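Sequence positions in the sequence shown follow mature numbering (1 follows the signal peptide of the UniProt record, and there is no 0) and run -23 to -1, 1 to 521. Don't be surprised by glycine CBs; every beta carbon is placed ideally from N, CA and C. Note that the structure is predicted; figures quoted are calculated from it, not measured. Worksheet: one structure, shown below.
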Amino acid sequence: MTSTKRWMLAGFALLCIYGSAESKRNFKCPSGCSCSKETIICVGTSQIPRTIPAEFNSLSIVNGSIAEITEGMFSLMPSLQLLLLNANSLTTIKDDAFSGLPHLEYLFIEGNKIESITKNSVRGLRGLTHLSLANNKMRFLPRDLFFDLDSLLELDLRGNSFQCNCENKWLMTWLKNTNATVSDVFCAGPNEMKGKRLNDLPIPPGECISTDFVRHQSIPIQSMSSDIFSFKEDIYVAMAAPNSNSCVVMEWDHIEMNFRKFDNITGKSVVGCRSVLVDNHVLIIVTQLFGGSHIYRFDNQQNKFIKFQTIEVFNISKPNDIEVFQMDSGWYFIIVDSSKAGMSTMYKWTDQPDRNETGFFSYQFLHEWFRDTDAEFVEEDGKSYLILASRSQSPVIYLWNKSTQKFILHGEIPNFDDVVAVKAFRLEGELYLAMTCYIGDSKVLKWTNKQFTEVQPLPSRGAMILQPFTFTNRHYLALGSDYSFTQIYLWDAETKTFHKFKDIYVQSPRSFTAVTTDRRNFIFSSSFKGKSMVFEHIIVDLSL
């Protein structure tokens, strides 16, 4: 190195020393503060110094009236190694409140009124070894608050009001796994946990997992019913749309992740669309108020549904529900008649091409002149039953007679009037019915001692559908009404009852159908007066 360069470096060093000394001489200790060689202590101040010379590595502000710490409030004090903010009026600490403090090792924020602290409030403090948030009013800490604190050795959280529930689940887990020394943290609530050590509590798997229903798709079609069916690994829905005089068939788009129109079966006042897959036939039964009812079959060459059969409907005046079922290896369906002059009729599949008889043909007439509203097929104890609901009398139960190969009247479900829908479901191996009543309470019934008995009423003025469905071992009822939000009920395995879980909005719902595709769960809801809706069933981690 030349002598000239040595002199230049020496001069630069002297200049830095002189500048630093001059800076310290020019620094005026803030009002209400006392300044020593490396330390500033402020008492009763309402402001934080904007900047301090690099020689100071300790700042203490106590008994002040500072309300919050905002982003980068200390960023012009990079030399700080200790920051103490005790007994102030702090209520909130914002994201990146301590950014620009690469050398900070000690941070004390005790005896304040802090209720909330953001997830990224201590972000970047990788050299921090001691942190105290003692004696504040915090009930929860945001998940992964301490994620960046790689060097943390001691943590003090005493004197807060921590709730030992799902929102602090992550903290319980962190306390069990951290290498830092942490003061004892006690639960302030709920009552059954009060006084227990937070880091001693067990963490049962799945306890903090819940679910939700979020709107996924709105379909501008008014519909009376929706029936989900699968064919060649694709998912379809058939919707009865009386206002557009059609049965609309929609297909699930695996790329766009929603339903798109696939086919349109034109009719006259279509009130029912129901699919059935028999042998190699993909069929849709379409019932109409006028012009008769028909069955359509999917044609592979034309890639659409074409008319396959006209249904015999001599005794059907006002079709309502269609119930499809398989029994003794045979396929059947029932068209429920809701008029005073008709009869609900059962049809059976026949395949005799040599006699030109391939299709569904009338097999048995049931329950004449009772304004039937719905039919439900159930199997229990090795026997087959058919339940017919009515608006003019109590629901009746038919039993399948294997000798005569006919349904015979078995009994009724007494004390139920004006039933508009009946749906069967199973819970924990037991058979239940969801009975929808337009006037009065809808009911949940259980099959006990070879009869159905009421186990739970559900307030339901104006209800048109009470639909059971299950996702991921969680059992629900969707109660749809013309006068209120749809109410989702969730089964409680401990009390053996359904509890109100969530409200979703569907205008005048008429059906709820569960569908699972692409590892996602949805409910498809038809709407008589508005848009049909698709809601996704999602898993929610309450500890996040």
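Determine the closest residue to residue i out of the options, with distance taken between C-alpha atoms.
i	options	result
E513	S42, E471, R27, H193	H193
G172	I205, P30, G136	G136
R451	S509, W468, G77	W468
P30	S270, S42, P55, S23	P55
I465	L105, F475, D459	F475
T158	E169, L108, A217	L108
P79	E169, R103, D211, V214	R103
M227	M234, M216, E233	M216
N142	F239, M170, K96, L126	M170
T106	T95, S128, N297	S128
N222	S380, G268, G77	G268
F489	G49, S503, T243, F51	S503
S270	F291, D256, S138	F291
Cutting at 7 Å between CB atoms, please list the residues of its own chain near residue i, excluding the five before and the five after it.
i	result
K153	N176
P219	M201, S246, V247, V248
Would you report the Cα separation of residue i and residue j, rounded to the nearest angstrom?
i	j	result
F190	L134	37 Å
L521	I18	38 Å
Q370	T494	40 Å
L148	F236	42 Å
Q199	F505	5 Å
L443	S160	52 Å
L178	E184	13 Å
F85	I515	41 Å
D394	R368	6 Å
I311	Y482	31 Å
W326	M441	30 Å
H231	R100	40 Å
residue 529	Y83	What is shown of the chain runs -23 to 521, which leaves residue 529 out entirely.
K423	S316	29 Å
C164	R120	17 Å
P167	Q140	6 Å
I186	Y460	32 Å
Q303	Y309	6 Å
N277	F347	41 Å
G439	M412	13 Å
State the DSSP-derived secondary structure class of residue i, mapped to helix, strand or coil.
i	result
T335	strand
P434	strand
D349	strand
E144	helix
K383	strand
K479	strand
L152	helix
L260	strand
N277	coil
P197	coil
M170	helix
D204	strand
S502	strand
D72	coil
S221	helix
N241	strand
L175	helix
N3	helix
P445	strand
For residue i, count neighbouring C-beta atoms within 10 Å of its own C-beta (all shown protein chains included) and say buried if the count is 16 or more, exposed if not.
i	result
I(-7)	Interpretation of I(-7) is limited by its pLDDT of 38, a score under 50 that renders its predicted location unreliable; no figure is taken from the coordinates.
P197	exposed
K14	exposed
V396	buried
K209	exposed
Q382	exposed
L53	exposed
A(-3)	Here the model assigns A(-3) a pLDDT of 45, short of 50, so the residue's position is not dependable, and the following value carries that caveat. Flag for A(-3) reads exposed.
E405	exposed
D204	buried
V20	exposed
T243	exposed
A470	exposed
By Cβ distance below 8 Å, which residues in the same chain neighbour residue i in space, the five residues on each side in sequence not counted?
i	result
G388	V373, I374, Q428
K508	S195, I196, P197, I198, Q199, Q484
Y362	F354, V355, E356, I374, Y375, L376, W377, H387
R27	L53
Looking only at its chain, what residues have a beta carbon closer than 6 Å to the beta carbon of residue i, apart from the 5 residues adjacent to it on each side?
i	result
T69	E45, S93
R274	H258, L260, F285
F337	Y324, W326
H344	S321, L365
E144	F117
S37	I18, L61
N498	F448, H514
Is there a Cβ of chain C sitting closer than 7 Å to that of residue i, yes or no?
i	result
L404	Chain labels in this structure do not include chain C; a single protein chain is all it has.
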